[in-house]
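Protein chains: 2
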Amino acid sequence: MDELDSAIVRELQRDARQSNRDIARKVGVAPSTCLERTRLLRERGVIRGYHADIAPSALNRGVQALVSVQVRPLSRTVIDAFKAFAAGLPEVTAVFVMAGSDDFVIHVSAQDNDRLHAFLVDRLSQRKEIVDFRTSIIFQHLAKHDPAPLPGA
Amino acid sequence: MDELDSAIVRELQRDARQSNRDIARKVGVAPSTCLERTRLLRERGVIRGYHADIAPSALNRGVQALVSVQVRPLSRTVIDAFKAFAAGLPEVTAVFVMAGSDDFVIHVSAQDNDRLHAFLVDRLSQRKEIVDFRTSIIFQHLAKHDPAPLPGA
DNA sequence: GGTGAAAGAACTAGAGG
DNA sequence: CCTCTAGTTCTTTCACC
Numbered sequence: 054m055d056e057l058d059s060a061i062v063r064e065l066q067r068d069a070r071q072s073n074r075d076i077a078r079k080v081g082v083a084p085s086t087c088l089e090r091t092r093l094l095r096e097r098g099v100i101r102g103y104h105a106d107i108a109p110s111a112l113n114r115g116v117q118a119l120v121s122v123q124v125r126p127l128s129r130t131v132i133d134a135f136k137a138f139a140a141g142l143p144e145v146t147a148v149f150v151m152a153g154s155d156d157f158v159i160h161v162s163a164q165d166n167d168r169l170h171a172f173l174v175d176r177l178s179q180r181k182e183i184v185d186f187r188t189s190i191i192f193q194h195l196a197k198h199d200p201a202p203l204p205g206a
Numbered sequence: 054m055d056e057l058d059s060a061i062v063r064e065l066q067r068d069a070r071q072s073n074r075d076i077a078r079k080v081g082v083a084p085s086t087c088l089e090r091t092r093l094l095r096e097r098g099v100i101r102g103y104h105a106d107i108a109p110s111a112l113n114r115g116v117q118a119l120v121s122v123q124v125r126p127l128s129r130t131v132i133d134a135f136k137a138f139a140a141g142l143p144e145v146t147a148v149f150v151m152a153g154s155d156d157f158v159i160h161v162s163a164q165d166n167d168r169l170h171a172f173l174v175d176r177l178s179q180r181k182e183i184v185d186f187r188t189s190i191i192f193q194h195l196a197k198h199d200p201a202p203l204p205g206a
């Protein structure tokens with residue numbers, strides 16, 4: 054991860070669909086060099102993928118919430134099973150495995166409040182390992198899609 | 054948003070860097086049709102952007118946390134000011150404006166626990182409008198980069 | 001590592017059904 | 001919405017530095 058790699062990564066974070074040629078020009082190297090660097094970044098796992106960011110409402114996901122979940126017993130088996138279960142639900146868009154008083158935070162979205170409620174009551178609370186969960190509605194979600202590298206560890 | 058639009062969106066969620074030609078083939082239309090659909094989706098704001106997904110450790114962000122924040126007074130001025138402040142911090146990768154007992158949840162990342170702690174103590178707690186905050190470390194973060202459209206509202 | 005050139009492929013716009 | 005076409009641009013490889 055030298056300066057060149059970082060510059061390429063920054064460009065791909067900003068706009069993953071711009072041409073290799075454009076990126077090469079912006080970072081000041083030949084297109085072939087840029088292409089090879091990008092290929093290596095992908096191979097090394099630095100670049101994990103390229104994804105379109107879609108407006109939630111276009112996916113009928115106008116209502117979003119964060120749900121804090123406690124499960125018991127707190128064994129690997131239970132944790133892995135719940136994680137897989139949650140990740141498999143279509144309403145769930147992200148799963149955080151946490152330290153602290155909550156074991157999981159899951160990011161869910163639904164068409165409206167009714168369907169969100171139905172999801173929580175009918176799907177989530179079905180699970181026997183859940184001993185408690187609290188739901189907080191998200192009014193706004195600002196995501197930074199191009200986080201900068203922090204100064205060296 | 055007909056079936057064709059959804060299919061194109063799905064492909065771009067899965068891999069935003071595949072060629073228009075490939076997408077056209079997969080969804081079963083001519084490249085020119087696919088290109089025009091994609092252009093319109095972008096114009097209508099359905100597609101908000103294309104971003105590379107980067108491994109956090111490559112950005113020196115090996116430690117992540119969710120921080121629940123309460124601010125007072127809960128006025129628009131204070132909310133907007135804190136939101137802008139938080140979004141501007143390099144350690145912050147997402148800001149959720151919440152309903153419920155927490156006013157904000159911010160997703161932060163740092164090089165290590167020490168720097169995370171320093172960030173919380175030196176940067177965050179500086180703000181006078183914060184009356185309380187609680188930090189939970191993230192052990193794992195599974196993000197679904199291709200959420201499916203939910204059945205019509 | 002990086003470069004430059006060249007062949008093949010893809011993009012994009014436009015005319016027409 | 002599709003096809004076809006044509007001009008332009010991009011990707012990708014490879015011999016060379």
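Just so you know, the protein sequences line up as chains A and B, in that order.
Take the first sequence: its letters are residues 54 to 206, numbered as in the numbering used here.
Take the second sequence: its letters are residues 54 to 206, numbered as in the numbering used here.
For each residue, glycine too, the CB sits at the ideal point set by N, CA and C.
From a predicted model like this one, the values you see are computed outputs, not experimental measurements.
- For R90/A, the secondary structure class from DSSP, reduced to helix, strand or coil, is helix.
- When the beta-carbon positions are compared, I100/A and C87/A stay at least 8 Å from each other.
- For L173/B, there are no C-beta contacts with chain A under 8 Å, since the nearest C-beta of that chain is about 14 Å from it.
- Short of 7 Å from the beta carbon of E144/A, and not among the five residues preceding or following it, lie these beta carbons of its own chain, in chain order: V161, S162, A163 and F172.
- When the beta-carbon positions are compared, R114/A and D199/A stay at least 8 Å from each other.
- For V148/B, there is no enclosing alpha helix (DSSP H); the enclosing beta strand (DSSP E) covers residues V145 to M151.
- Secondary structure note for H170/A: its alpha helix (DSSP H) is the uninterrupted segment N166 to A171.
- Contact between L112/A and L203/B holds: their C-beta atoms lie close to 7 Å from each other, under 8 Å.
- For S110/A, no beta strand (DSSP E) segment is defined, and its DSSP state is neither H nor E.
- At a C-beta separation below 9 Å, F186/B has no neighbours in chain A, since its nearest C-beta there lies roughly 13 Å away.
- Residue range E56 to R67 is occupied by the alpha helix (DSSP H) that includes S59/B, with no beta strand (DSSP E) assigned at that position.
- Around the beta carbon of T130/A, a 10 Å sphere encloses fewer than 16 other beta carbons of the protein chains shown; the residue is thus reported as exposed.
- Between A105/A and L65/B, the CB-CB gap stays under 8 Å.
- A Cβ of chain A is located within less than 8 Å of the beta carbon of L119/B.
- At a cut-off of 8 Å, the C-beta of K197/B has a neighbouring C-beta in chain A.
- Ranking A134/A, S110/A, A206/A and K79/A by CA distance to the CA of F157/A puts A134/A first.
- Between the alpha carbons of R92/B and T146/A lies a distance of about 26 Å.
- The beta carbons of A139/A and I159/A sit about 5 Å from each other, so the pair counts as a contact at 8 Å.
- The Cβ atoms of Y103/A and A83/B do not sit closer than 8 Å to each other.
- Cβ contact annotation for R176/B (same chain, cutoff 7 Å, sequence separation greater than five): L142, in chain order.
- Nearest to V184/A by alpha-carbon distance, out of S154/A, G205/A, D165/A and I190/A, is S154/A.
- Assignment of beta-bridge partners to R187/A by DSSP yields S121/A.
- Against chain A, the CB of F135/B has no partner CB under 8 Å away; the residue lies outside that interface.
- Between H104/B and chain A, the shortest Cβ-Cβ separation is below 8 Å.
- From the beta-carbon of G81/B, no residue of chain A is found nearer than 7 Å; the closest lies around 19 Å away.
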